[in-house]
Amino acid sequence: MMILQPPRFIRLWGALIATPVLMSLALAARAEEPAIPRGDLATTSKTIVSGRVLLPDGQRAAAAQVAVAGHRRWHRRRGGRHDSEILGQAVADDTGNFELTTPRTSTAEFYDLFALAALDGYALGMTPLDADSQRSSSIVQLGKEEVLRLRLIDLEGQPAAGVELFVYQIGVVRSDWGGWFQNVTFSQSPERLPFWPRRMKSDDEGRVALGGFSQASGVVVVVDDPRFARERTTLGGNKGEKEQILSLPPSQIIEGTVSYADTGAPAPNTRLTMRDAVGNSDDRGRFRINPSAGAKMTILAFAAEGEPYLTTHTTFEWPKGAAKHTIDVALPRGVLAQGHVVDQDGESITGAAVQYRPLLRNPNNRDSLQLGWQYSAHTDTDGNFALPVLPGEGHLLIQGPHGDFIHQEIGSRVIDVDQPGGERLHPDAVIRLDVPPDKESVRADATLRRGVTVRGRLVGPDDEPVRRATIVSRLQVLGFRFHGHVPTEIFDGNFELHGLDPEQSYPVHFLATDNEWGATATISGRQAGELVTVRLVPCGTASARLLNKNGTPLGGRQQTFELVVTPGVARHDRKAQEKGLLAMDGDFVANLDRQHNWGLKTDDMGYISYPALIPGATYRLTIAIPDVAKEFTAESGKNTELGELTLPVE
Amino acid sequence: MTTTGLWREFVPGPSDPWDLAKVAHLHRRAGFFANRSELARDVEAGPAASVARFFEPPVPSDDERRILDSLRKGAVSGSDAERLKAWWLYQIFFGANPLGEKMTLFWHGHFATSNQKVNSLRLMSRQNQLLRRHAVGNVRELVGELVGDPAMLIWLDGASSKREKPNENFARELWELFTLGPGHYTEDDIREAARAFSGWRESYDREDSQTRAFRLDESYVDDGAKTILGRMGNWRADDVVRITFEQPATAEFLCRKLYRYFVSEAAEPDAQLIAPLAKQLRGNDYALRPTLETILRSQHFYSAAVRRQRVSSPVEYSVGLLRALAAPRTDVRLLALALACAQQGQDLFYPPNVKGWDGGRRWLNSATLAARTNWATDVIWGNPELRMPPYDPARWGNVSDTERPIETLIGVLLQDDIEPRALALIEETGAGDKPDDLRRALRLIVRCPEFQLV
Chain A
332 MMILQPPRFI RLWGALIATP VLMSLALAAR AEEPAIPRGD LATTSKTIVS
382 GRVLLPDGQR AAAAQVAVAG HRRWHRRRGG RHDSEILGQA VADDTGNFEL
432 TTPRTSTAEF YDLFALAALD GYALGMTPLD ADSQRSSSIV QLGKEEVLRL
482 RLIDLEGQPA AGVELFVYQI GVVRSDWGGW FQNVTFSQSP ERLPFWPRRM
532 KSDDEGRVAL GGFSQASGVV VVVDDPRFAR ERTTLGGNKG EKEQILSLPP
582 SQIIEGTVSY ADTGAPAPNT RLTMRDAVGN SDDRGRFRIN PSAGAKMTIL
632 AFAAEGEPYL TTHTTFEWPK GAAKHTIDVA LPRGVLAQGH VVDQDGESIT
682 GAAVQYRPLL RNPNNRDSLQ LGWQYSAHTD TDGNFALPVL PGEGHLLIQG
732 PHGDFIHQEI GSRVIDVDQP GGERLHPDAV IRLDVPPDKE SVRADATLRR
782 GVTVRGRLVG PDDEPVRRAT IVSRLQVLGF RFHGHVPTEI FDGNFELHGL
832 DPEQSYPVHF LATDNEWGAT ATISGRQAGE LVTVRLVPCG TASARLLNKN
882 GTPLGGRQQT FELVVTPGVA RHDRKAQEKG LLAMDGDFVA NLDRQHNWGL
932 KTDDMGYISY PALIPGATYR LTIAIPDVAK EFTAESGKNT ELGELTLPVE
Chain B
183 MTTTGLWREF VPGPSDPWDL AKVAHLHRRA GFFANRSELA RDVEAGPAAS
233 VARFFEPPVP SDDERRILDS LRKGAVSGSD AERLKAWWLY QIFFGANPLG
283 EKMTLFWHGH FATSNQKVNS LRLMSRQNQL LRRHAVGNVR ELVGELVGDP
333 AMLIWLDGAS SKREKPNENF ARELWELFTL GPGHYTEDDI REAARAFSGW
383 RESYDREDSQ TRAFRLDESY VDDGAKTILG RMGNWRADDV VRITFEQPAT
433 AEFLCRKLYR YFVSEAAEPD AQLIAPLAKQ LRGNDYALRP TLETILRSQH
483 FYSAAVRRQR VSSPVEYSVG LLRALAAPRT DVRLLALALA CAQQGQDLFY
533 PPNVKGWDGG RRWLNSATLA ARTNWATDVI WGNPELRMPP YDPARWGNVS
583 DTERPIETLI GVLLQDDIEP RALALIEETG AGDKPDDLRR ALRLIVRCPE
633 FQLV
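In the order they appear, the protein sequences are chains A and B.
Going by our numbering, the residue at position 610 of the first sequence is 941; the numbering climbs one at a time, nothing skipped.
Going by our numbering, the residue at position 397 of the second sequence is 579; the numbering climbs one at a time, nothing skipped.
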């Protein structure tokens, strides 16, 4: 049972150092849900999503169909797609109200979550939800339906009639993200979602009309027809097209057989992926794939999970003009690493991702093997996994199924060359392997530590809850690396941070792009159980003038500009990393705040101004790759003048 | 228009009528062959209307433009050079402006730029559109725009030309290959012109940040005094172009090349033949149309002496065969066509070097002849690997109700330009008038030496 405690002081940099803010508990708690503690995966199991569906004119939409769907964070399965997950469905009542229950959600598990609503004759409505809220309330507004039209032609300009296609992705335009960004994705039409468009066929003129959307929707359709190569396009997206014309190249069919290299026996149920297409070998190892068109092809072959065979990739040039090509694949045998993943209490963990990386000096490694992020296994419901590895030295890197586990920090050079330094990797556990060549299998068990959750309130300079903002911290890890471009979103001033080590503190950056407010706070795992409050202040700015080595202004120039989340040497500075130093964690500011920074360039006189900088955050403007940069800390309401910077370019 | 002297206008008469052979010759040179109904139409229309049709093509509909744009975007976004070739061949094959495409192909060989070095289908397609825009327009303006064309800047290193160290490649090729020809400038001229062409700097492409773009930076331009082709001044790039086109040699050089392209490559043309054309080109400030009209309307152009005096290029041969046979649109495979052209030695967007394709007899060697035969075989008998259906005389519309099909085929493809013995063999082979008889006869026709010539 969570007990709310009075908030502590939050340490803020910049203008707030001298004016720490103590918020009252009354202000910090949400008025509409005072009794329900926010997300705690360990103690609650359900989320209630309620709300109302409205017609475009604001009237209530009776009998609208509603669903909640989102993308899970973390690793996708081998050769699999990163589809959304449908978490719950309902039908709105006569007053347009709905309520549905989903499994407990959290930003530790989902990087986006939506309430979708549909009603015949209207455009689909989509509203983002706070994944951390145990009781979400939202209004989903349907749009005015505008039929999206597509005309398919072949390369001779002839109508492509009877072509099959399906809707792969439906997105919402986010003006603050420089175009449409957030979406719901299904690599096959989900049977469970009745309003998701079914597979379609073009008519005799090659035309397809898609109702239920508006021009503001971003609908990705995929051509999936044996006569043509796989092709995808986005309809809508405010492009203002009455009818989009899509030209379809002919199919480039790849056929072949997968076998086990050591025995020559056929390899059934091997998953094969290439250029946007996925296929499986049959019980005789045969496969047939129709990928997107191209001149250079790479086919990945993933042995069935649990089999002791490694994943390979085969690259080949497509024979010009050919309609079909045969490629046979042989899967090399590995050594099966088998393990059990548990938490600190010995509880088995389901869905943990396990990745294998051999040391570069491992003589058994070869170019044709596909290792790294595409090569992983997942623990089953008993916490067990099996992943083929190479004889010799290497590592298993393990990540929990969601962000409630404490990340470790390890240099990439430790993993690659057994030396200190390199990029910062943040797995939840690492297992060092040295596999004897004659082994059939090796044991590799791991324990992950569950972290704690810190909840908080985010208020503006006026002490009112901030409606929308984002959080950036080193807790955001994807594929073992910090990834700033999938920040956690904050709704109505509530936030949660997951997976904190109770003994550690974390710098956390908050940014409300619409208001140009921000703050940097140090939040400790010890604050779990408290309701911390962070107060945003006006952002800072920075300006500079870029000159070439001759002193001439560099106009129209985009320069690498990053937010430093964890200090370190430049990410490009391989020499420093080879000396044992760790690279910074950070991301391009344009990825973190597209609204202000996407496509930002110097003017004709070489001047550039960076707006909406988070007070207290460290920024890095690269002058010369790899290691010359200007670093500074942004200050609230102030412009940091970086002066004239001479770049080593002409 | 020059209507007297060597380039006097062709006037049909009883002894020299406007006939099928002349119409077919016009279409082979000004376009990419014609089918039976087009030939019949122009025999009926007479020379003036037939030539005028080439200069006043219908404006493409909005729908046609959108289709083309979709084909181009698909090729560019898919980084698929074969699809970009298909996009161009679509315009050559299905487009309503054969002379425009013929001249676009001419300029592609003249200002030969290869994607091998440019490495950007977006930039190659833009250059192609630039060539098309000025194809039958004004060559001086075309060259003026090519100075800043990103593909050309990459191809001839203009993008890396600095005021302190000007790169001479563009200046050298501008005169040696594009305008004056050798012997009309000095090495000093090249050095000075290279200074005027400096000043380009990397920029950002408006459509795609991955595409290289360039802008002229005034602070990088060398606007100091230069002496170019005997003229002194603070010349800049457009001045160099202007001075270049003020040289009589430029018009002569271009007309000599146009002569070889449209009239005859059998022998070097006399200066007497070129001088009137060059005078006309200069007199029209390098607008091409009057000069091209003079050529295509002339007695000289229709004389038997210049007929079949050029080796057909792979594009002419491959497209021409399908067009002459009136291949239905649904049976055409543009990717296969692009491949055939490449295998015969003309890989669109990939000319072999800055001089372009040598052309002429160089089009024919054992490998390219085999490739021509293979293409013809694929057209006639079909090729499932390339998704090509076989030639179907009944469906392809090049048979006649009033004459025997074999006679129609010979009329469309060879007219009377064939030796009697070969003609007899072809007629005998196709005498049965059954589809396979006609296919066998057709195979003989396309293997004739005469059919390799246009």
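In this text, a Cβ means the ideal position worked out from N, Cα and C, and glycines have one as well.
Given the structure is predicted, the values throughout are model-derived calculations rather than measurements.
Task: Sequence-distant residues of its chain with Cβ nearer than 7 Å to residue 800 of chain A (five each side left out) - done: For residue 800 of chain A, same chain residues with a beta-carbon under 7 Å away, outside a window of 5 residues either side, are 789, 821, 841, 842 and 843 in chain order.
TODO: Quick one: grab the DSSP three-state call for residue 532 of chain B.
DONE: It is coil, neither helix nor strand.
TODO: Go ahead and pull the three-state DSSP assignment for residue 629 of chain A.
DONE: Correct three-state label for residue 629 of chain A: strand.
Open item on the list: Could you check whether the Cβ of residue 704 of chain A sits closer than 8 Å to any heavy atom belonging to the ligand ZN?
Closed with: No copy of the ligand ZN appears in this structure; indeed no ligand is present at all.
TODO: Determine the extent of the beta strand (DSSP E) in which residue 485 of chain A is found, giving its start and end residues.
DONE: Start and end: 479-485.
- [ ] Give the straight-line distance between the Cα atoms of residue 280 of chain B and residue 385 of chain B, rounded to the nearest whole angstrom.
- [x] As the crow flies, the alpha-carbon of residue 280 of chain B is around 36 Å from that of residue 385 of chain B.
Task: Proximal residues of chain B, C-beta to C-beta of residue 883 of chain A below 7 Å - done: Simply 401.
Open item on the list: Does residue 693 of chain A come out as helix, strand or coil in the three-state DSSP assignment?
Closed with: Reduced to three states, the DSSP call for residue 693 of chain A is coil.
Open item on the list: Counting only C-beta atoms, is residue 487 of chain A closer than 9 Å to chain B at any point?
Closed with: Yes, residue 487 of chain A lies at the interface with chain B (some Cβ there is under 9 Å from its Cβ).
Task: Contact check, residue 517 of chain B vs residue 486 of chain A, beta carbons under 9 Å - done: Yes, they are a contact pair.
Task: Exposed unless 16 or more other CB atoms sit within 10 angstroms - verdict on residue 770 of chain A - done: Its Cβ having fewer than 16 others within 10 Å, residue 770 of chain A is exposed.
- [ ] Name the residue from A:532, A:766, A:470 and A:721 whose alpha carbon lies nearest to the alpha carbon of residue 423 of chain A.
- [x] Minimum Cα distance to residue 423 of chain A is reached at A:470.
Task: Min CB distance residue 699 of chain A to chain B below 9 Å - done: No, its Cβ sits nowhere closer than 9 Å to a Cβ of chain B.
Task: Under 8 Å from the C-beta of residue 512 of chain B: neighbouring residues of chain A - done: When 8 Å is used as the limit between beta carbons, residue 512 of chain B is near these residues of chain A: 487 and 489, in chain order.
Task: residue 433 of chain A vs residue 380 of chain A beta-carbon contact at 9 Å - done: In this structure, residue 380 of chain A lies closer than 9 Å to residue 433 of chain A by Cβ.
TODO: Could you tell me whether any Cβ in chain B is nearer than 9 Å to the Cβ of residue 932 of chain A?
DONE: Chain B contact via Cβ: present.
Task: CB contact check: residue 214 of chain B to chain A, cutoff 9 Å - done: Answer no: the Cβ-Cβ gap between residue 214 of chain B and chain A never drops below 9 Å.
Open item on the list: Looking only at its chain, what residues have a beta carbon closer than 6 Å to the beta carbon of residue 352 of chain A, apart from the 5 residues adjacent to it on each side?
Closed with: Bear in mind that a pLDDT of 29 at residue 352 of chain A, under 50, signals an unreliable position, so the model cannot answer this.
Task: When B:324, B:254, B:443 and B:633 are compared against residue 304 of chain B, the one with the closest alpha-carbon - done: That would be B:254, whose Cα lies nearest to the Cα of residue 304 of chain B.
Task: Minimum Cβ-Cβ distance from residue 495 of chain B to chain A less than 9 Å - done: No, because no Cβ of chain A sits closer than 9 Å to the Cβ of residue 495 of chain B.
TODO: Can you say whether residue 718 of chain A is buried or exposed, counting buried as having 16 or more other CB atoms within 10 angstroms of its CB?
DONE: Classification of residue 718 of chain A: buried, given that the 10 Å Cβ count is 16 or more.
Task: Buried or exposed (CB count within 10 angstroms, at least 16 for buried), residue 181 of chain B - done: It is not possible to answer for residue 181 of chain B, since the shown part of chain B is limited to 183 through 636.
TODO: Pick helix, strand or coil for residue 214 of chain B, following the three-state DSSP scheme.
DONE: Note: residue 214 of chain B maps to coil in three-state DSSP.
Open item on the list: Can you pull the chain A neighbours of residue 276 of chain B, defined as C-beta to C-beta under 7 Å?
Closed with: Correct list: 488.
Open item on the list: Measuring only the C-alpha atoms, how far is residue 467 of chain A from residue 428 of chain A?
Closed with: In this structure, the alpha-carbon of residue 467 of chain A lies about 13 Å from that of residue 428 of chain A.
TODO: Examine chain B for any beta-carbon lying closer than 9 Å to the beta-carbon of residue 652 of chain A, and answer yes or no.
DONE: Chain B contact via Cβ: present.
TODO: Report buried or exposed for residue 656 of chain B, applying the criterion of at least 16 other Cβ atoms within 10 angstroms of its Cβ.
DONE: The requested residue 656 of chain B does not occur in the structure, where chain B is confined to residues 183 to 636.
Task: Contact belief for residue 533 of chain B with residue 296 of chain B at Cβ below 8 Å, rounded distance in angstroms - done: Sure, about 5 Å apart at Cβ, within 8 Å.
- [ ] For residue 781 of chain A, write down the residues that DSSP places opposite it in a beta bridge.
- [x] Residue 781 of chain A is bridged by DSSP to A:736.
- [ ] Kindly indicate if chain B contains any beta-carbon less than 9 Å away from that of residue 577 of chain A.
- [x] Residue 577 of chain A counts as touching chain B.
Task: Whole runs of the alpha helix (DSSP H) within the stretch 246-274 of chain B, excluding any shorter than 4 residues - done: You should have found no qualifying run.
TODO: Grab me the residues of residue 805 of chain A's own chain with a C-beta within less than 6 Å of its C-beta, minus the 5 sequence neighbours each way, in chain order.
DONE: Cβ neighbours of residue 805 of chain A beyond the five flanking positions: 813, 896, 897 and 916.
Open item on the list: Using beta carbons (cut-off 9 Å, strictly below), is residue 441 of chain B in contact with chain A?
Closed with: False, the Cβ-Cβ gap to chain A never drops below 9 Å.
Open item on the list: On the CB-based measure, 16 or more other CB atoms within 10 Å of its CB, does residue 816 of chain A come out buried or exposed?
Closed with: Counting the other CB atoms within 10 Å of its CB gives residue 816 of chain A a total below 16, which places it among the exposed residues.
- [ ] Compare the C-beta of residue 228 of chain B against all C-beta atoms of chain A and say whether one is closer than 9 Å.
- [x] At a cut-off of 9 Å between beta-carbon atoms, residue 228 of chain B makes no contact with chain A.
TODO: Find the residues of chain A that neighbour residue 249 of chain B, judging by a C-beta separation of less than 8 Å, and give them in chain order.
DONE: Within chain A, the residues near residue 249 of chain B are 484, 488, 576 and 578.
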